[in-house]
Amino acid sequence: MIFASDNWSGAHPAINEALARHSEGMASAYGTSDLDKAVEKRFDEIFEREVAVFFVGTGTAANSLALASVNRPGGVVLCHREAHVVEDECGAPEFFTHGARMAPVDGPNGLIDPANLKREIARFKPGHVHAGQPMAVTISQPGEAGTLYSADEIEVIAGIAHERGLTLHMDGARFANGLVATGLSPAEMTWKRGVDILSFGATKNGCWCAEAIVVFDPQKATQFPYIRKRGAQLFSKTRFVAAQFMAYFESDLWLDMAGHSNRMADRLREALSASNAAREAWATHSNEVFAVLPKDLDTRLRADGAVFYEWNAPHSMPDLTSDDETLVRLVTSWSTREEDVERFAGYLR
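Under full-length UniProt numbering, read the sequence shown as residues 1 to 349, first letter to last.
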């Protein structure tokens, strides 16, 4: 009953096989091999346009270097108050942008409220040098609260950002889970609705170590090779990242894995809905589920081998739990076993 994180899951056998197959022989380094180029073309096909793709090693690196590429002097990034870039990246975005600030924007269920975004941007008056200048808006899809933006909601936020000349960045650490949950195409969930740069995550969804930064207008990525090199993210043997992505996309493996993960989370949601002891903290739609458990049930589950994280209540829900309750996060993955979900559900009954 391991529901701590999809980062705990291993690599899919097809990913491992691709790594083993491409470990033989020689291949040119630093992203110049035939395999690297083939995967870049595959990204073009997936997103229905020519894109610029840059492999990196972690989601934090993807987010940080993406934002660094659009930084301005006194730069400010507007993000949700509970965004990963604020709470879980140890100041890396500020470090790699050489001091850009993260400006929090409130919104329910982990999603930026457009009206609040407008108000926060308006606080930065053009020409008022003391306040600095906004340079990007970043959203997570899915968000850290397990919720999702609709295509229309993404487009509204993009319009607000672009009206002030700001880049819209999407943190897609669980991008495949978002696609499966929304039913959108990769293009419709990104550039067709105004997203300029995407952090494309695959490590959480069955890869060993495969993340990418996707810039939807290649003309705006001419300096990115230098930013990546300076950020120590230019791997010499990039064919091993490319090999993972090639297998990841083959026969829609990435969507199949995300679909399984989301279905296992749906089963957890059903069990919480039927429980007399526990409850879902708020509605979620991807592979993250947030639950309120009585503390005695929490203790019993852990004693019998369940693994999950206690979670901080959102700022907008300070009274979510009582003194004898705990908020926890449950995360499923491509390798989550149905029997483990059913065993967990038995405790909730």
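Each residue gets a CB set at the ideal place from its N, CA and C atoms; glycine is no exception.
Cutting at 6 Å between CB atoms, please list the residues of its own chain near residue i, excluding the five before and the five after it.
| i | result |
| --- | --- |
| residue 241 | 55, 210 |
| residue 200 | 172, 175, 212, 214 |
Considering only C-alpha positions, which residue in the set the options is nearest to residue i?
| i | options | result |
| --- | --- | --- |
| residue 66 | 305, 233, 316, 303 | 233 |
| residue 70 | 100, 43, 333 | 100 |
| residue 320 | 168, 290, 349, 263 | 290 |
| residue 17 | 328, 246, 252 | 246 |
| residue 408 | 50, 68, 36 | Residue numbering for the chain in the displayed model covers 1 to 349; residue 408 lies beyond these limits and cannot be assessed. |
| residue 130 | 195, 76, 38 | 76 |
| residue 348 | 288, 267, 337 | 267 |
| residue 216 | 202, 196, 222, 204 | 196 |
| residue 300 | 344, 137, 317, 258 | 344 |
| residue 311 | 53, 153, 328, 322 | 328 |
| residue 46 | 257, 214, 79 | 214 |
| residue 187 | 257, 202, 170 | 170 |
| residue 221 | 91, 198, 106 | 198 |
| residue 73 | 181, 8, 136, 269 | 136 |
| residue 251 | 42, 36, 34 | 42 |
| residue 184 | 204, 162, 141 | 141 |
Is residue i helix, strand or coil when you go by DSSP?
| i | result |
| --- | --- |
| residue 135 | strand |
| residue 290 | strand |
| residue 185 | coil |
| residue 101 | strand |
| residue 260 | helix |
| residue 112 | coil |
| residue 248 | helix |
| residue 159 | helix |
| residue 130 | helix |
| residue 106 | coil |
| residue 346 | helix |
| residue 253 | helix |
Less than 7 Å between C-beta atoms, sequence neighbours within five positions excluded: which residues of the same chain meet that for residue i?
| i | result |
| --- | --- |
| residue 324 | 294, 295 |
CB-CB under 8 Å to residue i, same chain, minus the five flanking residues each way: which ones, in chain order?
| i | result |
| --- | --- |
| residue 208 | 11, 15, 16, 19, 244 |
| residue 218 | 50, 51, 52 |
| residue 153 | 111, 114 |
| residue 253 | 12, 14, 206, 247 |
Taking only beta-carbon atoms, is residue i less than 7 Å away from chain B?
| i | result |
| --- | --- |
| residue 19 | Absence of chain B from the displayed structure is noted, only one protein chain being present. |
As an exercise, report each continuous alpha helix (DSSP H) stretch of at least 4 residues that is fully enclosed by the region 45 to 93, in chain order. 59 to 68, 84 to 87
contact_flag[the region 141 to 149, the region 269 to 289] where n(CB pairs < 8 Å) is 3 or more: yes
Between the region 56 to 65 and the region 117 to 130, can you find at least three pairs of beta-carbon atoms closer than 8 Å? no
Taking one C-beta from the region 132 to 145 and one from the region 96 to 110 each time, how about it: are there three or more such pairs within less than 8 Å? yes
What alpha helix (DSSP H) runs, 4 residues minimum, are completely inside the region 174 to 228? DSSP runs (the alpha helix (DSSP H)) wholly in the region 174 to 228: 175 to 182.
Under 8 Å, with one C-beta from each stretch per pair, do the region 105 to 116 and the region 79 to 88 reach the 3-pair mark? Touching, yes, given that three or more Cβ pairs across the two stretches are closer than 8 Å.
Minimum length 3: unbroken beta strand (DSSP E) runs contained in the region 279 to 330: 288 to 294
Any chance the region 334 to 344 sits against the region 252 to 260, with 3 or more Cβ pairs inside 8 Å? Counting C-beta pairs closer than 8 Å gives three or more between the region 334 to 344 and the region 252 to 260, which meets the contact rule.
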